[in-house]
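Notes follow the structure.
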Amino acid sequence: MKTLKVALLGCGNVGSQVARILTEDADALAERVGARLQLAGIAVRNPDTPREVELDPALFTTDADTLVSEADLVIELMGGVEPARSLMLSAIGHGASVITGNKALLAEDGPTLYEKADAAGVQLSFEAAVAGAIPILRPIRDSLAGDRITRVLGIVNGTTNYVLDQMDTTGAQFDDALADAKALGYAEADPTADIEGYDAAAKGAILASLAFHTRFPRSEVHCEGITSVTAEDIAAARDAGYVIKLLSICELQDDDDGGGVAVRVHPTLLPREHPLAAVHGAFNAVFVEAESAGELMFYGQGAGGTPTASAVLGDLVTAARRIVLGGPGRTESASSQLPVRGIGTAETSYYVGLDVADESGVLAKIAQVFADHGVSIETMRQTTHLDLVRPAERAADEDATPPASAELRIVTHRGAEDALARTVEAVKKLEPVNSVTSVLRVEGV
Ligand code: NAP
Numbered sequence: 060m061k062t063l064k065v066a067l068l069g070c071g072n073v074g075s076q077v078a079r080i081l082t083e084d085a086d087a088l089a090e091r092v093g094a095r096l097q098l099a100g101i102a103v104r105n106p107d108t109p110r111e112v113e114l115d116p117a118l119f120t121t122d123a124d125t126l127v128s129e130a131d132l133v134i135e136l137m138g139g140v141e142p143a144r145s146l147m148l149s150a151i152g153h154g155a156s157v158i159t160g161n162k163a164l165l166a167e168d169g170p171t172l173y174e175k176a177d178a179a180g181v182q183l184s185f186e187a188a189v190a191g192a193i194p195i196l197r198p199i200r201d202s203l204a205g206d207r208i209t210r211v212l213g214i215v216n217g218t219t220n221y222v223l224d225q226m227d228t229t230g231a232q233f234d235d236a237l238a239d240a241k242a243l244g245y246a247e248a249d250p251t252a253d254i255e256g257y258d259a260a261a262k263g264a265i266l267a268s269l270a271f272h273t274r275f276p277r278s279e280v281h282c283e284g285i286t287s288v289t290a291e292d293i294a295a296a297r298d299a300g301y302v303i304k305l306l307s308i309c310e311l312q313d314d315d316d317g318g319g320v321a322v323r324v325h326p327t328l329l330p331r332e333h334p335l336a337a338v339h340g341a342f343n344a345v346f347v348e349a350e351s352a353g354e355l356m357f358y359g360q361g362a363g364g365t366p367t368a369s370a371v372l373g374d375l376v377t378a379a380r381r382i383v384l385g386g387p388g389r390t391e392s393a394s395s396q397l398p399v400r401g402i403g404t405a406e407t408s409y410y411v412g413l414d415v416a417d418e419s420g421v422l423a424k425i426a427q428v429f430a431d432h433g434v435s436i437e438t439m440r441q442t443t444h445l446d447l448v449r450p451a452e453r454a455a456d457e458d459a460t461p462p463a464s465a466e467l468r469i470v471t472h473r474g475a476e477d478a479l480a481r482t483v484e485a486v487k488k489l490e491p492v493n494s495v496t497s498v499l500r501v502e503g504v
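Residues in the sequence shown are numbered consecutively from 60, following our numbering.
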């Protein structure tokens, strides 16, 4: 049986589990591939660091360049942009196929890597880069290649899903839920990339590129994180039958201007009966809408060493099989190259919370502003502060002065993001409006 040399770059959370499975399951993998996969070496920063799994110390090296130059397949699990990019380009230059989980690098410079891999006739696979263990990229790229995907809604960041889920199930404030996530290891010491939505944005750019055969740069993703979501927003959403999730939304826009593609990441209200509303804790899920297939949902663990190693091994076996059988697969396709659009043209619904003076005519004035901007209101609910006073207290204070303000909760029909944003700006300026307490987008209705 032929032997293929595998170079592993990185032996952290994911790399160590990949090395373990490659060693433990060597015979089974050889049968599936039709060749033996020989772990030729593992490049790390410090070979003396104790590892999570027991591995032959002779495998470790700091000379990643030499390791890469002698390999048939290179698995990059170091993370970061450099030296990962240079090592991957070097591997491609040597004719090796590359497997990576590095979403940050792919979002920043994926097109360079895709082009080099295609030109060299080698494979570049990155299933682990989006939603950890969940097989989502290959279904989008291969299984749905004959369909027309119209929308992808993803819960692709476990940290933010955990935080929002805690807030929803326990009523916790954001800071407490985040502290909890850190204590349980779901959030890193510096959680910025997760809570500001940057990680979800990088994954959104990758999903959109594959789903719409269009290279979608990370810089064009509209990105809002979850730091401003309050326990009050969550409670109000719950009250109205919604749950708040951080979604990465990739959309094909069909319109008279020739169409285009937009990607946006923001906290989103979803009806509680939507399948994505049932994704709890640090789990991930991706909901795909395609013209012929209809609605599909992919659900599972979005991170963790062993789950993510599953995605890496899947890519490795596929790439190794192609080497054995001959003929490279395509990395991705930019055949459509549709116009990339900003959030302004996206169609969505808004949930708007307002604190208003409790006086006659207020509702009419607010409704008129929405109408003037061509935005149609689906529901409007008013809660006067008097309603919040318990009957017993009210009876004890018969002469209480009437409440000065009331809370209005408005959900609009779908409309253009630009028009919705302008409406909120105009409503803010109305005299009876004391403040806009929340503005969140609604999907899935
Ligand atoms: P990690 O635990 O931080 O491990 C990184 C490994 O790379 C370490 O072994 C480190 O060596 C090595 N390394 C870093 N810089 C290096 C350099 N300049 N030269 C040589 N070796 C270097 O990372 P991870 O969590 O396994 O993640 C790896 C990749 O998978 C990242 O791109 C990440 O985004 C992606 N990913 C991770 C997960 C997850 O759940 N962790 C999920 C999906 C995707 P030392 O050990 O000697 O320091």
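All C-beta atoms, glycine included, are put in the ideal place defined by N, C-alpha and C.
Subject >> Buried or exposed (CB count within 10 angstroms, at least 16 for buried), residue 490 >> reply: Reading the sequence shown from its first residue, position 431 is the one you call residue 490. With fewer than 16 Cβ atoms within 10 Å of its Cβ, residue 490 is classed as exposed.
Original post:
Span of the alpha helix (DSSP H) holding residue 486?
Top reply: In the sequence shown, the residue the question calls residue 486 occupies position 427. Per DSSP, residue 486 belongs to the alpha helix (DSSP H) from 476-487.
Subject >> Whole-Å CB distance - residue 276 paired with residue 399, under 8 Å assumed >> reply: By 1-based counting over the sequence shown, the position of residue 276 is 217. By 1-based counting over the sequence shown, the position of residue 399 is 340. Going by Cβ atoms, the distance from residue 276 to residue 399 rounds to 7 Å, so yes, they are a contact pair.
**OP:** Go to residue 310, then tell me how far its alpha helix (DSSP H) extends in each direction, as first and last residue.
**Re:** Translated into positions along the sequence shown, residue 310 becomes position 251. Not the alpha helix (DSSP H): residue 310 falls in the beta strand (DSSP E), residues 301-312.
**OP:** Check whether the Cβ atoms of residue 193 and residue 401 lie closer than 7 Å to each other.
**Re:** Here the question's residue 193 lines up with position 134 in the sequence shown. Here the question's residue 401 lines up with position 342 in the sequence shown. No.
**OP:** In the DSSP assignment, find the unbroken alpha helix (DSSP H) run with residue 170 in it and report its ends.
**Re:** Looking up residue 170 in the sequence shown gives position 111. Start and end: 162-179.
**OP:** Would you list the residues sitting across from residue 407 in a DSSP beta bridge?
**Re:** For the purposes of this step, residue 407 is taken as the residue at position 348 of the sequence shown. Looking at the DSSP assignment, residue 407 forms a beta bridge with 474.
Original post:
For residue 72, does the three-state DSSP call read helix, strand or coil?
Top reply: Against the sequence shown, residue 72 aligns to sequence position 13. Assigned with DSSP and collapsed to three states, residue 72 falls in helix.
**OP:** For residue 293, name the three-state secondary structure that DSSP assigns.
**Re:** Sequence index remark: in the sequence shown, residue 293 carries index 234 (1-based). Here residue 293 sits in helix by DSSP.
Subject >> Rounded Cβ spacing between residue 211 and residue 270 (contact assumed at less than 8 Å) >> reply: In the sequence shown, counting from the first residue as 1, residue 211 sits at position 152. In the sequence shown, counting from the first residue as 1, residue 270 sits at position 211. Rounded, the Cβ-Cβ distance is 5 Å, consistent with contact.
Original post:
What span of residues does the alpha helix (DSSP H) with residue 225 cover, start to end?
Top reply: As a working mapping, residue 225 is identified with position 166 in the sequence shown. Taken as a continuous stretch (DSSP letters only), the alpha helix (DSSP H) holding residue 225 covers 217-229.
Original post:
Taking DSSP as the reference, what is the three-state secondary structure of residue 121?
Top reply: Translated into the one-based positions of the sequence shown, residue 121 becomes position 62. Residue 121: coil per DSSP, three-state reduction.
Subject >> Bounding residues of the beta strand (DSSP E) (the contiguous stretch that carries residue 358) >> reply: Mapped onto the sequence shown, residue 358 falls at position 299. Per DSSP, residue 358 belongs to the beta strand (DSSP E) from 353-360.
Subject >> Extent of the continuous alpha helix (DSSP H) to which residue 326 belongs >> reply: Numbered from 1 along the sequence shown, position 267 holds the residue referred to as residue 326. For residue 326, there is no enclosing alpha helix (DSSP H); the enclosing beta strand (DSSP E) covers residues 319-330.
Original post:
What whole-angstrom Cβ distance do residue 508 and residue 224 have, given they're in contact under 8 Å?
Top reply: The shown model of the chain, from 60 to 504, leaves out residue 508, and the question about it has no answer.
**OP:** Consult DSSP for residue 401 and reduce its assignment to one of helix, strand or coil.
**Re:** The residue given as residue 401 occupies position 342 in the sequence shown. In the structure shown, residue 401 sits in coil (DSSP, three-state: anything other than H, G, I, E or B).
**OP:** Give me the Cα-Cα distance between residue 412 and residue 260, rounded to the nearest whole angstrom.
**Re:** Numbered from 1 along the sequence shown, position 353 holds the residue referred to as residue 412. Numbered from 1 along the sequence shown, position 201 holds the residue referred to as residue 260. Between residue 412 and residue 260, the C-alpha separation is close to 26 Å.
**OP:** Grab the span of the alpha helix (DSSP H) containing residue 382 for me, first residue to last.
**Re:** Within the sequence shown, numbered from 1, the residue matching residue 382 stands at position 323. Counting along the chain, residue 382 sits inside the alpha helix (DSSP H) bounded by residues 364-384.
Subject >> Residue range of the beta strand (DSSP E) that includes residue 99 >> reply: What you label residue 99 is simply residue 40 of the sequence shown in a count that begins at 1. It spans 95-102 - the beta strand (DSSP E) in which residue 99 sits, taken as one unbroken run.
Subject >> Collapsed DSSP secondary structure at residue 135 in the structure displayed >> reply: Translated into positions along the sequence shown, residue 135 becomes position 76. Residue 135: strand per DSSP, three-state reduction.
**OP:** Verify the contact flag: residue 365, CB atom, against every heavy atom of the ligand NAP, threshold strictly below 6 Å.
**Re:** If you number the sequence shown from 1, residue 365 lands on position 306. Checking the Cβ of residue 365 against the ligand NAP gives no.
Original post:
Sorry if obvious, but does the Cβ on residue 404 come closer than 6 Å to a heavy atom of the ligand NAP?
Top reply: Locating residue 404 in the sequence shown gives position 345, counting from the first residue. Residue 404: no, Cβ never under 6 Å from the ligand NAP.
Original post:
Exposed or buried, residue 154, counting other C-beta atoms within 10 Å across all chains shown (16 or more means buried)?
Top reply: Here residue 154 refers to the residue found at position 95 of the sequence shown. Taking all protein chains in view, the Cβ of residue 154 is surrounded by fewer than 16 other Cβ atoms within 10 Å, so the residue is classified as exposed.
Original post:
What's the C-alpha gap between residue 143 and residue 103?
Top reply: In the sequence shown, counting from the first residue as 1, residue 143 sits at position 84. In the sequence shown, counting from the first residue as 1, residue 103 sits at position 44. Roughly 12 Å separates the two Cα atoms.
Original post:
With a cut-off of 8 Å, do at least 3 Cβ pairs link the segment 308-325 to the segment 277-286?
Top reply: Proximity of the segment 308-325 to the segment 277-286 meets the contact definition, three or more beta-carbon pairs being nearer than 8 Å.
**OP:** Kindly list the residues whose CB is nearer than 7 Å to the CB of residue 378, restricted to its own chain and excluding five residues on each side of it in sequence; keep chain order.
**Re:** Taking the first residue of the sequence shown as 1, we reach residue 378 at position 319. The answer, listed in chain order, is 132, 156, 158, 182, 184.
Original post:
Quick one: what's got a C-beta closer than 6 Å to residue 319's C-beta in the same chain, skipping five residues either side?
Top reply: As a position in the sequence shown, residue 319 is number 260, starting the count at 1. Here the set comprises 312, 397, 398, 400.
**OP:** From the DSSP output, in three-state form, read off residue 236 for me.
**Re:** Locating residue 236 in the sequence shown gives position 177, counting from the first residue. Correct three-state label for residue 236: helix.
Original post:
residue 463 by DSSP, collapsed to three states: which one?
Top reply: By 1-based counting over the sequence shown, the position of residue 463 is 404. Coil.
Original post:
Who are the Cβ neighbours of residue 258 in its own chain at under 6 Å, not counting the five residues just before and after it?
Top reply: Position 199 of the sequence shown, counted from the start, is the residue given in the question as residue 258. Cβ neighbours of residue 258 beyond the five flanking positions: 216, 252.
Original post:
Going by Cα to Cα distance, which pick from 468, 135, 267, 427 is closest to residue 295?
Top reply: Here residue 295 refers to the residue found at position 236 when the sequence shown is read from its first residue. Closest option to residue 295, judged by alpha-carbon separation, among 468, 135, 267, 427: 468.
Original post:
What number of angstroms, rounded off, separates the C-alpha of residue 498 from the C-alpha of residue 486?
Top reply: Sequence index remark: in the sequence shown, residue 498 carries index 439 (1-based). Sequence index remark: in the sequence shown, residue 486 carries index 427 (1-based). Whole-angstrom Cα-Cα distance: 12 Å.
Subject >> Close Cβ partners of residue 284 (< 7 Å) along its chain, the five nearest in sequence each way excluded >> reply: Position 225 of the sequence shown, counted from the start, is the residue given in the question as residue 284. Excluding positions up to five away in sequence, the list reads 254, 255, 256.
**OP:** Would you kindly report the start and end of the unbroken alpha helix (DSSP H) that includes residue 517?
**Re:** Since the first and last residues shown for the chain are 60 and 504, residue 517 lies out of range.
Original post:
Nearest to residue 479 by alpha carbon, out of 501, 213, 190, 125?
Top reply: As a working mapping, residue 479 is identified with position 420 in the sequence shown. Ranked by Cα distance from residue 479, the first of 501, 213, 190, 125 is 501.
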